[in-house]
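First up is the structure itself, then whatever we jot down about it.
Residue numbers (full-length UniProt numbering): 1 to 251.
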């Protein structure tokens, strides 16, 4: 079998599978089988590409590919937009790209520049600034920013923001307050990170029975969750297992 024929058959099969999974009319299968590469090309243009554009997972995958091929593209685009118009929104977009790249100092500068006028108490900008401050190793400053966020936006809710607050409180040395924040988070955080960090803090201050209970809760919850959740949380589940082994060794 020639390589071209093999490629054609594989593309036809892939498109036929897409027809069935996407619920499109079955006459597409006849066209794909009858007209080979021409039908594949038409189908990709009228069906596959539009689906990719409307699928959030596909958009994220394409974004990751673009970031891998050109890691500074988003930053360049955001910088150009800011050069054209110095607005809080354009500063936010640039700050987010800098934050994602680990350039916390520049990210903090642009978040602070965006917090002005009508946006001076914007919770998303304040949360971004707090993330940059924490990345710079300034937990006390992070805590102050988040306290100001809460004071200015009492109805604002963010699981990630709450976790960042707990970590900032812990980093500033207020252990009891951090335990309280982690305990609250552990009840409803959408993932295992908060529970694992809670258990790790309990373990560090030698509350081993409590730490063990939280680690075991992580394992039970993960075991009872769907496979995709287990894959997403694997790193935290592995840390919970490691914590239990350390507790067993020190017992």
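Every residue gets a Cβ at the ideal spot worked out from N, C-alpha and C, and that includes glycine.
Rounded to whole angstroms, the Cβ separation of residue 215 and residue 179 is 15 Å, and the two are not in contact under 8 Å. Around residue 104, the same chain offers 132, 135 and 136 as residues with beta carbons nearer than 7 Å, after the five sequence neighbours per side are excluded. When Cβ pairs closer than 8 Å are counted between the two stretches, the region 198-212 is seen not to touch the region 225-234, the count staying below three. For residue 113, the uninterrupted alpha helix (DSSP H) segment begins and ends at 104-114. Beyond the five residues adjoining it in sequence on each side, residue 172 comes within less than 6 Å, by CB distance, of 139, 140 and 143 in the same chain, given in chain order.
Looking from the CA of residue 157, the closest CA among 126, 177 and 176 belongs to 126.
Proximity to residue 197 across 182, 124 and 190 peaks at 182, based on C-alpha coordinates. Nearest in C-alpha terms to residue 75, of all of 106, 46 and 52, is 106. For residue 2, there is no enclosing alpha helix (DSSP H), as DSSP gives it neither H nor E. Contact between residue 222 and residue 192 holds, since their C-beta atoms are separated by about 6 Å, short of 8 Å.
In this structure residue 52 does not touch residue 43 by the C-beta definition: roughly 13 Å separates them, more than the 8 Å allowed. Taking the Cα of residue 124 as reference, the smallest distance to any Cα among 101, 162 and 102 is reached at 162. Counting only unbroken stretches of 4 or more residues, the alpha helix (DSSP H) elements lying wholly within the region 144-206 are 159-171, 175-186 and 193-204, in sequence order. Straight-line spacing of the CA atoms in residue 119 and residue 101 works out to 24 Å. In the three-state DSSP reduction, residue 72 falls in the coil class, being neither helix nor strand. Rounded to the nearest whole angstrom, the CA to CA distance from residue 160 to residue 81 is 28 Å. Non-local beta-carbon contacts of residue 114 in its own chain, meaning distances under 6 Å to residues more than five positions away in sequence, involve 88, 91, 92 and 125 in chain order. Straight through space, the alpha carbons of residue 248 and residue 154 are spaced by roughly 43 Å. Non-local beta-carbon contacts of residue 15 in its own chain, meaning distances under 6 Å to residues more than five positions away in sequence, involve 32, 40 and 43 in chain order. The C-alpha of residue 165 is placed about 20 Å away from the C-alpha of residue 203. Taking C-alpha positions only, residue 97 is separated from residue 47 by approximately 32 Å.
Counting the other CB atoms within 10 Å of its CB gives residue 218 a total of 16 or more, which places it among the buried residues. Just measuring C-alpha positions, the residue of 128, 99 and 200 sitting nearest residue 238 is 200. Of the candidates 2, 235 and 174, 235 places its Cα closest to the Cα of residue 194. Of the candidates 117, 220 and 226, the residue whose Cα lies closest to the Cα of residue 241 is 220.
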